[in-house]
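Chains as they are written, first to last, in this note's numbering: chain F, 1 to 210; chain B, 1 to 210; chain E, 1 to 340; chain C, 1 to 340.
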Amino acid sequence: MDAATIATWMHGIDVVMREEKDHLVQLDAAIGDGDHGTNMTRGFEAVVQALNADSSSPPGKLLILAGRTLVGTVGGASGPLWGSALRSGGRVLGDQPTFEGMQLVEVLAAALASVKDLGTASLGDKTMVDALEPAVETLRARLSGGASVADALGDAGDAAEAGMRSTIPLQARKGRASYLGERSIGHQDPGATSTALIIRALQRAVAQAS
Amino acid sequence: MDAATIATWMHGIDVVMREEKDHLVQLDAAIGDGDHGTNMTRGFEAVVQALNADSSSPPGKLLILAGRTLVGTVGGASGPLWGSALRSGGRVLGDQPTFEGMQLVEVLAAALASVKDLGTASLGDKTMVDALEPAVETLRARLSGGASVADALGDAGDAAEAGMRSTIPLQARKGRASYLGERSIGHQDPGATSTALIIRALQRAVAQAS
Amino acid sequence: MAVETTHMRKFLNEPARVVKESLAGLAAAHPDLVRYDAAAQIIVRRDAPRKGKVALISGGGSGHEPLHGGFVGLGMLDAACPGEVFTSPVPAQMLAATKAVDGGAGVVHIVKNYTGDVLNFKLAAEDAADEGIKVTSVVIDDDVAVQDSLYTAGRRGVGATVLAEKIAGAAAEGGAELAKVTDIVKRVNDRARSFGVALSSCVPPASGKPIFDLPEGQIELGIGIHGEPGRKRATLGHAAEIVDVMVEAVISDLKPRSGAKVLAFVNGMGGTPLLELYLLYGEVDKKLRAAGVEPARNLVGSYITSLEMAGASLTVLELDEELSKLWDAPVHTPALRWGA
Amino acid sequence: MAVETTHMRKFLNEPARVVKESLAGLAAAHPDLVRYDAAAQIIVRRDAPRKGKVALISGGGSGHEPLHGGFVGLGMLDAACPGEVFTSPVPAQMLAATKAVDGGAGVVHIVKNYTGDVLNFKLAAEDAADEGIKVTSVVIDDDVAVQDSLYTAGRRGVGATVLAEKIAGAAAEGGAELAKVTDIVKRVNDRARSFGVALSSCVPPASGKPIFDLPEGQIELGIGIHGEPGRKRATLGHAAEIVDVMVEAVISDLKPRSGAKVLAFVNGMGGTPLLELYLLYGEVDKKLRAAGVEPARNLVGSYITSLEMAGASLTVLELDEELSKLWDAPVHTPALRWGA
Ligand SMILES: Nc1ncnc2c1ncn2[C@@H]1O[C@H](COP(=O)(O)OP(=O)(O)O)[C@@H](O)[C@H]1O
Ligand SMILES: Nc1ncnc2c1ncn2[C@@H]1O[C@H](COP(=O)(O)OP(=O)(O)O)[C@@H](O)[C@H]1O
Ligand SMILES: [Mg+2]
Ligand SMILES: [Mg+2]
Ligand SMILES: [Mg+2]
Ligand SMILES: [Mg+2]
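Written as structure tokens, this is what we have:
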């Protein structure tokens with residue numbers, strides 16, 4: 001995997017966020033403020049533009065650029081969280097031109113750590129962590145067990161989606177949904193939903209690369 | 001006819017205004033500000049209260065009291081118009097304890113003159129004048145022709161209703177409806193409508209008296 | 001009754017008491033400025049009557065807040081007579097207000113041109129004259145959406161009312177005499193024009209129902225302040241297009257001197273947030289300059305409203321040095337305050 | 001796009017440009033007070049930076065106007081960073097604002113407690129520190145509708161924000177140093193509590209649809225300022241009953257000294273007219289007195305809003321002599337003005 005994989009990933013996120021924009025807005029309207037779809041779309045549109053203007057950087061630098069762009073354009077909770085996540089992930093890769101499966105795990109683990117550090121959310125708080133953490137753990141476990149990157153990412157996507165669905169019965173403890181108290185129960189978290197989309201986009205980008 | 005006739009008339013107006021309140025509000029909402037039903041109800045409720053407290057005055061004084069009460073409680077355009085109308089009508093009767101048909105004509109003619117003087121509206125301007133003027137003229141013509149008061153008032157009521165309906169195709173030149181310009185066409189004037197109700201109430205009061 | 005009440009998006013107790021309770025709240029919030037005479041249903045400047053000062057009163061139906069009660073205080077009105085919602089007050093209120101504020105120098109009645117207001121104020125002025133008070137009346141009729149004609153009720157009084165109350169109030173505060181203050185009100189009315197648009201109907205508390213039904217995506221052009229529909233219904237376009245219509249309507253009728261300094265008043269109808277009013281002001285400012293006048297003063301906010309109607313109006317007043325100075329003079333009322 | 005635009009009762013051009021165009025309009029209307037830096041999307045006090053004066057900035061999503069841009073000026077904020085509607089601004093805006101206003105005495109960031117605002121301001125403060133600017137941050141969290149807990153995002157920042165900006169702004173204008181101004185913001189936040197209710201949803205311009213569906217006759221209790229539904233839905237009762245709920249929620253949490261002087265802030269959410277806000281104030285005034293505190297100061301109007309939402313919030317701040325004096329000190333901003 002290399003810089004093109006990252007670029008394809010970011011393009012894929014951009015496309016799927018636009019497709020799912022209304023759905024994410026609806027989810028956020030139910031327990032938040034109805035802008036998650038707009039926020040993610042605005043952010044990844046800007047990321048794609050920034051990446052289009054950069055054809056020479058190594059993958060780690062592209063991730064840092066993407067993260068910086070998210071911080072600079074999204075606002076809201078998801079901007080600094082995903083922005084810092086991608087920056088932290090990018091730093092793992094330094095200047096190397098390519099990377100392998102276990103390094104991808106470290107990238108995502110650094111992203112997860114950054115989200116948890118900045119947002120102080122834990123598993124079960126009904127946030128994006130509920131999708132990202134199982135994805136990272138599944139990816140690590142499957143690769144350690146000898147699975148191909150493609151297979152492991154497929155399972156990571158499943159885990160993210162399961163984590164996403166697991167947010168439905170939860171009462172939110174972080175983010176805007178926490179203001180609703182018990183009324184947040186019964187709704188799927190928008191950030192967990194977009195996170196599952198991001199993992200699926202990664203799976204497709206890697207499949208395309210191989 | 002005597003003070004009791006006036007009291008019955010005013011009671012009758014009070015009852016019918018409450019019955020027709022919503023209808024008058026609707027008519028006024030279409031081409032005015034939607035308060036004509038509330039205005040007339042508030043006014044005649046107060047008139048009935050004032051008259052209940054006065055069991056000794058002659059009919060002219062009761063009309064003046066009714067007019068003063070309308071001026072003091074209605075506001076809007078209809079308050080001073082009907083208020084001045086009843087005061088002018090009452091003055092025609094002075095202190096006399098009873099009155100006859102032709103005197104009733106003079107009462108209503110004075111009321112009409114007062115409305116036209118204060119409001120500067122003429123026939124065809126789409127106002128209460130369009131109901132009141134034909135009623136007064138019909139009453140005078142039928143009584144001069146020898147009809148009974150009861151019959152003449154029946155025809156006056158018909159004339160008032162015809163006048164009321166005649167306002168539908170008109171473009172308003174006075175009152176709030178005039179602000180609508182051509183959009184006032186096709187709607188029945190609320191003030192002409194309540195005027196027709198007032199004439200019908202008079203017809204019933206006189207029928208009851210005889 | 002309880003059922004009717006609940007069918008509105010309003011904070012109310014008994015719908016019939018909304019005006020009285022709101023006035024009591026106004027007085028409770030601003031005891032340093034005004035008092036509420038509940039028996040007469042009038043708002044009176046706390047220190048009225050002021051001996052030797054010409055007094056200004058205005059009034060009309062309620063539902064246009066802060067007009068008029070919110071404009072009672074230093075440098076503006078001496079009293080306000082609020083009627084029921086969208087219904088002219090009765091002459092007794094106007095007479096009580098006139099008597100409460102007369103300091104011997106006379107009282108100016110500022111009357112918006114609606115049949116009800118005009119007739120009721122007329123009866124009140126007659127009563128006041130009977131009691132030996134010098135009263136002058138000026139009828140405000142600045143709404144260009146209504147065709148002016150000798151044979152009709154004429155134009156409505158809208159945004160210019162606020163400007164006239166402020167500017168003539170400053171003149172009176174500064175010691176001008178009755179004829180002069182009256183003349184200032186007339187000059188403001190002469191040199192001001194307005195045009196309003198609505199994006200929704202309002203809901204009078206008494207009926208609990210919208211006055212008219214305006215589907216989303218439609219706009220009423222040429223509305224007044226009583227929830228009445230406008231002269232014309234059109235498709236809702238961009239704010240820039242709407243401002244084009246407003247500026248054109250106002251300027252073509254006002255015909256200001258080229259290069260004239262004007263006061264541009266962008267007014268919200270009650271349900272339109274400041275976010276949009278400032279967006280409108282940005283367009284208005286550009287378009288007035290393009291039309292060859294200079295918006296040297298402005299006022300942006302919801303000052304003469306139609307309950308919770310979504311909509312806005314534009315009033316343009318051609319200024320001269322005297323009017324500008326009076327506009328800038330201190331004012332201290334519940335709703336308008338500067339320099340004090 | 002044009003079709004979406006027309007499905008709202010709003011004055012807009014391109015929905016995506018509403019914030020920028022509104023800010024440009026604000027600056028056009030008040031060039032004596034503020035300037036608009038369009039590149040950075042910030043509103044800056046015209047005479048910033050003022051050497052030696054502690055500067056205050058705030059910001060957050062738009063849609064709460066006049067907050068924050070309308071509070072930039074003498075005796076209040078030095079700059080405001082408005083994000084898109086209901087979306088926190090980005091750190092670059094906050095950094096630009098911080099740099100534009102720093103007069104060497106340090107900059108206070110007033111941050112409403114929303115995850116987005118907190119995180120973005122945190123990143124900005126780190127950047128500012130890297131550039132050698134002294135920055136302190138205070139997070140406002142006065143909304144008693146949200147249960148406070150170590151394990152959650154905590155309470156929202158609502159009405160107290162306006163009061164903190166005014167009061168700390170006066171301290172900074174009066175020459176107080178960074179630690180003192182920071183402390184004043186914290187004290188206002190410590191001694192203020194709020195509770196809000198909604199009678200309708202608002203409609204964000206980007207989606208053009210209501211965020212939640214609230215049938216007539218229903219009320220959302222415990223709402224914030226982002227159009228989010230409240231903690232609880234109930235049947236709409238009389239205003240007096242609603243005020244009971246608000247006063248009880250605020251006072252039982254604030255626990256003011258008996259006989260304490262308080263500032264009572266009755267705030268409209270954008271679509272509730274002044275007629276109703278004053279009616280609410282009348283009830284609030286009575287109930288606070290009954291609860292044993294004295295509403296010695298008040299503010300009634302739509303100052304921290306949620307677009308065109310129909311609704312209101314109550315904020316009660318327990319005063320002391322210093323806070324009262326700072327509240328009374330001159331302020332001159334587009335939305336709040338007295339003594340200047
Ligand atoms: N403290 C937090 N930690 C992790 N994720 C969070 C946190 N707060 C919010 N989120 C995520 O952010 C999502 C909302 O993002 P978005 O709507 O873009 O921002 P905002 O809430 O500012 O409007 C939530 O659904 C949740 O998954
Ligand atoms: N100048 C006038 N002369 C005669 N009648 C008038 C005049 N202006 C208005 N009206 C009558 O008054 C009616 C409206 O009364 P109402 O709704 O009670 O008062 P308002 O128009 O002040 O709300 C109109 O339908 C019309 O018949
Ligand atoms: Mg959101
Ligand atoms: Mg009417
Ligand atoms: Mg009326
Ligand atoms: Mg948001």
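We treat Cβ as the ideally placed atom computed from N, Cα and C, and that holds for glycine.
All of these numbers come straight from a predicted model, not from anything done at the bench.
Query, Result
"Comparing C-alpha positions only, which one of B:Val71, B:Asp22, B:Gln96 and B:Val149 sits nearest to B:Ala46?", "B:Val71"
"Is C:Asp142 near ligand 7, going by C-beta to nearest heavy atom under 7 Å?", "This structure lacks ligand 7; the ligands present are ligand 1, ligand 2, ligand 3, ligand 4, ligand 5 and ligand 6."
"Would you say C:Pro215 faces chain F, with C-beta separation under 8 Å as the test?", "no"
"By how many angstroms is the C-alpha of B:Glu106 removed from the C-alpha of B:Val149?", "13 Å"
"What is the residue span of the beta strand (DSSP E) that E:Ile42 lies within?", "Ile42 to Arg45"
"Can F:Thr127 be considered in contact with ligand 1, in the sense that its beta carbon sits closer than 7 Å to one or more heavy atoms?", "yes"
"To the nearest angstrom, report how far apart E:Gly282 and E:Asp244 are at their CA atoms.", "12 Å"
"Any C-beta of chain F sitting closer than 8 Å to the C-beta of C:Met1?", "Any reading at C:Met1 needs caution, since the residue's pLDDT is 30, under 50, leaving its predicted position unreliable; the model's value is listed next. No, C:Met1 lies away from the interface with chain F (no Cβ there is under 8 Å from its Cβ)."
"Against chain B, with Cβ distances strictly below 8 Å, would E:Ser88 count as a contact?", "yes"
"Can you tell which of C:Gly237, C:Val18 and C:Ala160 has its C-alpha closest to the C-alpha of C:Asn298?", "C:Ala160"
"Could you check where the beta strand (DSSP E) with B:Gln161 kicks off and where it finishes?", "The sequence given here has Glu at residue 161 of chain B, not Gln. Taken as a continuous stretch (DSSP letters only), B:Glu161 belongs to no beta strand (DSSP E), being part of the alpha helix (DSSP H) at Val149 to Ser166."
"Find out if the Cβ-Cβ distance for the pair E:Trp352, E:Leu263 is shorter than 8 Å.", "The requested residue 352 of chain E is not part of the displayed model; chain E covers only 1 to 340."
"Once DSSP output is grouped into helix, strand and coil, what is the label at C:Ile140?", "strand"
"If you compare alpha carbons, which of F:Ser78, F:Ala77 and F:Leu63 is closest to F:Ala99?", "Note on residue identity: the sequence assigns Phe, not Ala, to residue 99 of chain F. The candidate whose alpha carbon is nearest that of F:Phe99 is F:Leu63."
"Using a beta-carbon distance cut-off of less than 9 Å, what residues from the region 174 to 188 of chain F approach chain C?", "Lys174, Gly175, Arg176, Ala177, Ser178, Tyr179, Leu180, Gly181, Glu182 and Arg183"
"How about B:Arg173 and B:Gln188: do their beta carbons lie closer than 8 Å?", "no"
"Tell me the rounded alpha-carbon separation between F:Asp54 and C:His226.", "37 Å"
"Applying the criterion that 16 or more other CB atoms from any shown protein chain within 10 Å of the CB defines a buried residue, is C:Ala2 buried or exposed?", "Below a pLDDT of 50, predicted positions are generally treated as unreliable, and C:Ala2, at 32, falls in that range; the measurement from the model is reported next regardless. Exposed, since its Cβ has fewer than 16 Cβ neighbours within 10 Å."
"Suppose you measure from the CA of B:Trp82 to the CA of B:Ser194; what does that come to, to the nearest Å?", "11 Å"
"Ligand 5 and B:Asp189: does the residue's C-beta get closer than 7 Å to at least one heavy atom of that ligand?", "no"
"Could you spell out the range, first to last residue, of the beta strand (DSSP E) harbouring C:Pro82?", "Ala79 to Val85"
"What is the DSSP secondary structure of F:Met128, counted as helix, strand or coil?", "coil"
"By how many angstroms is the C-alpha of C:Gln41 removed from the C-alpha of C:Gly66?", "According to the sequence provided, residue 66 of chain C is Pro. The question's Gly does not apply to it. Rounded to whole angstroms, C:Pro66 to C:Gln41 spans 16 Å at the Cα level."
"Given this structure, state the Cα-to-Cα distance separating E:Ser62 from E:Glu84, to the nearest angstrom.", "6 Å"
"Return the chain-ordered list of same chain residues with a C-beta closer than 6 Å to the C-beta of B:Gly90, the five sequence neighbours on each side being excluded.", "Gly60, Leu63 and Ile64"
"Would a C-beta distance cut-off of 8 Å place C:Ser88 and F:Gly124 closer than the cut-off?", "no"
"Contact between the region 252 to 266 of chain E and the region 201 to 209 of chain B: three or more CB pairs below 8 Å?", "no"
"Within 10 angstroms of the Cβ of C:Ser58, are there 16 or more other Cβ atoms? Answer buried if so, exposed if not.", "buried"
"Can you pull the DSSP bridge partners for E:Gln218?", "E:Thr235"
"Could you compute how far the alpha carbon of C:His7 sits from the alpha carbon of E:Gln218?", "For C:His7, the pLDDT reaches just 48, beneath the cut-off of 50, and the residue's location in the model is therefore unreliable, although a value from the coordinates is still provided. Going from the Cα of C:His7 to the Cα of E:Gln218 covers about 9 Å."
"So, does the region 89 to 109 of chain C touch the region 198 to 206 of chain C, judging by three or more C-beta pairs under 8 Å?", "no"
"Could you work out which residues of chain B lie near E:Ala153, taking near to mean beta carbons separated by less than 8 Å?", "Arg173, Lys174, Gly175, Arg176, Ser178 and Tyr179"
"Please check if any C-beta of chain E sits within less than 8 Å of the C-beta of B:Gly191.", "no"
"E:Ala206 and E:Pro15 - do their beta-carbons sit closer together than 8 Å?", "yes"
"Return the residue from the list B:Ala3, B:Ile198, B:Asp35 and B:Gly191 that minimises the CA-CA distance to B:Gln96.", "B:Ala3"
"Whose Cβ in chain C lies nearer than 8 Å to the Cβ of E:Phe265?", "Result: empty, since nearest Cβ-Cβ is about 11 Å, beyond 8 Å."
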